[in-house]
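Step one of this worksheet: look at the structure below.
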Amino acid sequence: MVLEVALIDVVPGREDAFAAAYAEGHPVLAGTPGCRSVRMTRGVESPSRFVLLVEWDSVEAHEQNFRASERFVRWRELIAPHFAAPPRVEHFLDVPASS
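If you read the sequence shown in the UniProt record's numbering, its first letter stands for residue 1, the second for the next number, and so on.
Structural data, given as structure tokens:
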């Protein structure tokens, strides 16, 4: 499992519209084969900053099943008009706790 973390800065004043677009697009992303979970969080100190957390079976599931599909096109059509800048997206792996 890999965790996709996307740091998203939204144009100030468009936060509610972005949240509504996310709600509309959530099923598009969550229904992608290889997607395990999707969560969006909003900054407390920086309310125009959002963090998207998506658990994928693999980086390939994200890139091939979503990014290279019409699902991604639809997702971006919904949320991109609210971006203040392009999101920063990275993948992360869990670090096991030592016993």
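The beta carbon of each residue, even a glycine, is placed where N, CA and C say it ideally should be.
- Secondary structure at Val59: helix, using DSSP grouped into helix, strand and coil.
- Here the alpha carbon of Phe72 sits roughly 14 Å from the alpha carbon of Gly34.
- Runs of the beta strand (DSSP E) spanning 3 or more residues and lying entirely within the UniProt domain "ABM" (2 to 92) occur at 2 to 9, 35 to 42, 49 to 56, 88 to 92, in chain order.
- Taking all protein chains in view, the Cβ of Thr41 is surrounded by fewer than 16 other Cβ atoms within 10 Å, so the residue is classified as exposed.
- By the 16-neighbour rule on beta-carbons within 10 angstroms, Val44 is exposed.
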